[in-house]
Amino acid sequence: MNNEEMKARDLSVLWHPCTQMKDHEWLPMVPMKSGRGVWLEDFDGNQYIDAVSSWWVNLFGHANPRLSKALSDQAHQLEHAMLAGFSHQPVIELSERLVSVTPKSLTRCFYADNGSSGIEAAMKMSYHYWLNRGQPHRSLFITLSGSYHGETLGALAVGNVALYRDTYQPLLIETLTVTAPDAFNREEGESPADYARRCFPEMERTIAENAKRTAAVIVEPLVQCANGMRMYDPVYLSLLREACDRHGVHLIADEIAVGFGRTGTLFACEQANICPDFLVLSKGITAGYLPLSVVMTSDEIYQAFYDDYENLSAFLHSHSYTGNALACAVALETLNIFRDDDIIEQNLKKAQKLHEAFSPVAEHSNVIDFRQTGMIVALELGEGRQQPYPWQQRRGLRVYQHALTRQSLLRPLGNVVYIMPPYVINDDEIEHLATVASEGIDIATRDND
103 MNNEEMKARD LSVLWHPCTQ MKDHEWLPMV PMKSGRGVWL EDFDGNQYID AVSSWWVNLF
163 GHANPRLSKA LSDQAHQLEH AMLAGFSHQP VIELSERLVS VTPKSLTRCF YADNGSSGIE
223 AAMKMSYHYW LNRGQPHRSL FITLSGSYHG ETLGALAVGN VALYRDTYQP LLIETLTVTA
283 PDAFNREEGE SPADYARRCF PEMERTIAEN AKRTAAVIVE PLVQCANGMR MYDPVYLSLL
343 REACDRHGVH LIADEIAVGF GRTGTLFACE QANICPDFLV LSKGITAGYL PLSVVMTSDE
403 IYQAFYDDYE NLSAFLHSHS YTGNALACAV ALETLNIFRD DDIIEQNLKK AQKLHEAFSP
463 VAEHSNVIDF RQTGMIVALE LGEGRQQPYP WQQRRGLRVY QHALTRQSLL RPLGNVVYIM
523 PPYVINDDEI EHLATVASEG IDIATRDND
């Protein structure tokens, strides 16, 4: 089989996610055959550095020997067992480990099979908690502008990226939106922390004025990934935790994308020294091997559902593959790799290398912002500080097209070219990506068409 044969077969039967399929009349998809380390290989033998971790999920490289062995070993013992009335060793051990590495108040784990499902579960838990506590009117959720929490209807309702949300607006529940403390919008000379403090009074007012009907505030800690890797200072999270406590409102931390080392700490909330009422994890939890998500919460929340059956207080929410044994075994080995290989410390060095390699790229006259949080680097393209290119020009897509010719997978977010690589990337590969990004940006910003 070669690329052309695989593409023809694909287009005859598949409908791809987050894709205008008509684009494939002129923009070829790339059918992948195999992967090893940071490299993917197509059916023609071309290789590509997976600079976006296959949609932000891969941590330790493709075909990782330890993860593959954990998966194989578990597959020969138990592939799956339902969690309603039953349990198994991998889900118990994974839950124990997660409780040990997250803030101490998070003592209960509820599993789903993808990020959106985890968000839905957390939202339902929050509302149902208030219902069980005699406050059924607390059904409102407060969110940040530019946020993204998934594509199912509940998750979409608390998101604020127009591209994904607007079409389905008539189907969505009411939410309140507060301006995000995106450091890109700060004044010249103003620090990200000072800007975050300046932004926070709007959130304080919104919570105070609506506390009696609000279930929770939901945020993506530190980085709003899907909206173009928008970044903000941890002080905002500290202020938010204090405000939620003061007004008796839950805080949901969506660490689906930023958890498991992406921001420089195992979990982004650590940088603000806070504990949310609900912590939602997915993507990196299995290092890119299998779908899994978990909602972590406290005993205080759990006890609100712990009651006699006839009182109908139970959380009757489920997924067929909840706590899948294969996924849990791989997730457990993922945590073992973090521990055994001192990944967080190693990532500090890699993050510094990313900064050194991409800082010169940021000097390009059409890079209007260069931002980095841990292992996430973003370069925003435009004609001036407050002049991003019109989205219809698809400048970022031109970078993507060039990168494919240079053995690199750089999938942009509009005008934002970002790098979120697997943690096994080496210095030479980082330098190559920086060179390719520089070339691609130069090509993409030429006004000759």
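Read in the numbering used here, the sequence shown has 444 at position 342, and its numbers run on one by one without any break. Heads up, the beta-carbon is just placed ideally off N, CA and C, and yes, glycines get one too.
Partner residues in the beta bridge of Q474, as assigned by DSSP, are V479. With fewer than 16 neighbouring CB atoms inside 10 Å of its own CB, N375 falls in the exposed class. In the structure shown, P133 falls within a coil segment according to DSSP collapsed to helix, strand and coil. In the three-state reduction of the DSSP assignment, I358 falls in the coil class, being assigned neither a helical nor a strand state.
Taking C-alpha positions only, K385 is separated from R111 by approximately 28 Å.
By the criterion of a C-beta distance shorter than 7 Å, N234 is surrounded in its chain by A406, F407, S415, once the five residues flanking it on both sides are discounted.
Here T277 has L242, F243, I244, T245, A259, V260 as same chain residues with Cβ atoms under 8 Å from its own Cβ, once five neighbours each way along the sequence are excluded. Secondary structure note for L381: its beta strand (DSSP E) is the uninterrupted segment 380–383. With respect to H352, A313 sits apart: the two C-beta atoms are not nearer than 8 Å.
Contact annotation: G390 and L161 have beta-carbon atoms nearer than 8 Å.
In this structure, DSSP gives D144 an extended state, which the three-state scheme calls strand. The bridge partners DSSP lists for R138 are W141.
Classified as exposed, L180 has fewer than 16 neighbouring CB atoms from the shown chains inside 10 Å of its CB. Under the three-state reduction of DSSP output, I439 falls in the helix class. Around the beta carbon of G425, 16 or more other beta carbons sit within 10 angstroms, so the residue counts as buried.
DSSP places M398 in the uninterrupted beta strand (DSSP E) bounded by 395–399. The C-beta distance from L173 to L428 rounds to 6 Å, short enough to meet the 8 Å contact threshold. Secondary structure of A317 (DSSP, three-state): strand. Inter-segment contact for the stretch 264–282 and the stretch 339–348 is absent: fewer than three beta-carbon pairs are separated by less than 8 Å. By the CB criterion at 8 Å, A536 and V519 fall outside the cutoff. Between R332 and F380 a beta carbon distance of about 22 Å is seen, past the 8 Å cut, so the two are scored as non-contacting. Within the same chain, and ignoring the five residues on either side of D152 in sequence, the residues whose Cβ sits closer than 8 Å to its Cβ are G137, V140, W141, L142, N160, H164, L511, P523, P524. Distances from the alpha-carbon of D356 to those of E412, L434, E344, A370 put A370 closest. The criterion of a C-beta distance shorter than 8 Å is satisfied by G516 and G330. Straight-line measurement puts the Cα of E222 at about 24 Å from the Cα of A431. The straight-line gap separating the alpha-carbon atoms of I478 and K451 is approximately 13 Å.
Cβ neighbours of V321 within its own chain (closer than 8 Å, five residues either side excluded): T245, L246, S249, L339, L342, L353, I354, A355, D356. Annotation for T308: I244, L278, V280 place their beta carbon closer than 8 Å to its own, counting only its chain and skipping 5 residues before and after. Taken in chain order, the unbroken stretches of beta strand (DSSP E) that lie wholly in the stretch 273–298 and span 3 residues or more are 277–280. Burial state of D215 is buried, judged by a 10 Å Cβ sphere holding 16 or more other Cβ atoms.
Under the three-state reduction of DSSP, L246 is assigned to strand.
Under the three-state reduction of DSSP, I527 is assigned to coil, being neither helix nor strand.
Nearest neighbour of Y404 by Cα position, chosen from T209, Y266, I543, turns out to be T209. Residues L394, A429, V432, A433, T436 of the same chain have their beta carbon placed closer than 7 Å to that of T388, with the five preceding and five following residues left out of the count. Annotation for K226: G256, F417, H419 place their beta carbon closer than 8 Å to its own, counting only its chain and skipping 5 residues before and after.
For D152, the uninterrupted beta strand (DSSP E) segment begins and ends at 149–152.
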